[in-house]
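In what follows, a single structure is set out as structure tokens and then discussed.
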Amino acid sequence: MNESRPRTAVDFWLDPVCPWTWLTSRWMLEVERIRTVDVTWRVMSLAVLNEDRLDQLPERIRELMGLAWAPVRVLTAASQAFGPEVTGPLYTAMGTRFHLHQQPRTKSTIAAALRDAGLPESLADAGDTDTFDALVRASHQQAVDLVGEDVGSPVVALPGQDGGRAAFFGPVVSPAPKGEEAGRLWDASIVLASIPDFYEMKRTRTSGPVFD
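In this note's numbering, the protein residues as written are 51 to 262.
Laid out in structure tokens, this is it:
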């Protein structure tokens with residue numbers, strides 16, 4: 051990694067309950083390690099994204115949307131209390147328990163994640179109230195304003211054409227690329243972001259998320 055090159059600012063919006071977001075975030079951490087990239091972690095909400103179409107979703111997804119509020123509320127509360135730099139580590143602590151250890155998305159799991167991140171377990175109480183919902187919605191809307199409504203989590207914003215910003219849903223990857231493979235995917239993302247009329251590239255997923 052050439053530290054003499056200017057560092058690239060990346061914004062990563064995430065919902066902690068999404069396993070695919072977890073894999074993309076692990077790729078993004080690898081990119082931050084091997085490229086001159088600085089990531090700012092932000093919250094978006096699948097519960098907000100789907101709140102007007104819950105009756106169209108399968109029952110298991112509706113149940114997940116109900117569980118999705120507490121984690122983003124707690125991430126927001128922690129950020130407000132201790133600064134935005136705690137968002138990434140706390141998300142990693144939550145995701146490790148939710149996705150790697152398959153622990154339930156409950157208050158006790160969130161409290162344990164707070165402890166893992168060196169934060170007060172009492173912040174888990176924020177998940178039970180709507181105190182931080184306006185901030186959650188505002189952060190979510192920032193992502194939607196950049197990329198549009200027809201997306202999910204995560205949303206990644208990176209440099210676009212002529213000094214502007216481009217944002218995409220994804221990339222959706224499984225397992226998360228490592229080493230130079232992660233770097234090549236990042237390099238390709240930069241190229242795609244530089245093309246103002248590029249919108250979508252997709253193929254059918256043939257397996258579930260692979261955590262390694």
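A virtual CB, placed ideally from N, CA and C, is assigned to each residue, including glycine.
In this structure, P225 sits away from M144, with a CB-CB distance that is not shorter than 9 Å. At the C-beta level, L196 and A163 stay beyond 9 Å of one another.
Burial state of A131 is exposed, judged by a 10 Å Cβ sphere holding fewer than 16 other Cβ atoms. Judged by beta-carbon spacing, A128 lies beyond the 9 Å limit of L79, meaning their Cβ atoms are not closer than that value. About 21 Å separates the Cβ atoms of T90 and V222, ruling out a contact at the 8 Å cut-off.
Taking 9 Å as the cut-off, the beta carbon of M94 is found closer than this to the beta carbon of A193. The shortest C-alpha to C-alpha distance from V260 to any of L64, C68, R57, F62 is the one to C68. For R123, the enclosing alpha helix (DSSP H) stretches over residues 119–132. R155: not part of any alpha helix (DSSP H); DSSP gives it neither H nor E. Straight-line spacing of the CA atoms in I111 and E82 works out to 32 Å. Beta-bridge partners assigned by DSSP to T90: D61. Going by beta carbons, E199 and L117 fall outside the 9 Å limit.
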